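Under this note's numbering, the first residue of the sequence shown is numbered 462, with each subsequent residue one higher. Ideal Cβ positions, reconstructed from N, Cα and C, are used throughout, including at glycine. The structure displayed is predicted, hence computed values, not measured ones. All remarks here apply to the structure that follows.
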Amino acid sequence: FTIEELAQFNGKDGQPAYVAVNGTVYDVSALARWTGGNHFGMVAGRDLSGPFMSCHQGITDRLKKAVIVGTLEKGV
462 FTIEELAQFN
472 GKDGQPAYVA
482 VNGTVYDVSA
492 LARWTGGNHF
502 GMVAGRDLSG
512 PFMSCHQGIT
522 DRLKKAVIVG
532 TLEKGV
């Protein structure tokens, strides 16, 4: 995914909710805490590596119930 492609998956208007953390893109649509593409001020369709690391101390196990749908391309 490019950052532009990821932005399309914001959980609004019937779109799935995808987030990127540490270069991995997750589908968080089925997770109850991501209803409507929002989770405690974090918005789907973005690279949330920084906010996720500060909120969850880098523990990606919080995303183990989410489906991995791809990787985020590094900026050029």
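Over the uninterrupted beta strand (DSSP E) stretch that includes residue i, give me the two end residues.
i      : result
Ala478 : Ala478 -> no beta strand (DSSP E), and no H or E assigned at all.
Val528 : Val528 to Thr532
Distance check for residue j and residue i, CA to CA, integer angstroms please.
i      : j      : result
Met514 : Val489 : 17 Å
Glu465 : Arg523 : 25 Å
Ala491 : Gly497 : 10 Å
Lys526 : Ala493 : 11 Å
Phe470 : Arg507 : 9 Å
Thr430 : Thr463 : Outside the displayed range of the chain (462 to 537) lies residue 430, so it cannot be described from this structure.
Check residue i in the structure and name its three-state DSSP category.
i      : result
Gly497 : helix
In terms of residues, what are the limits of the alpha helix (DSSP H) holding residue i?
i      : result
Leu467 : Ile464 to Ala468
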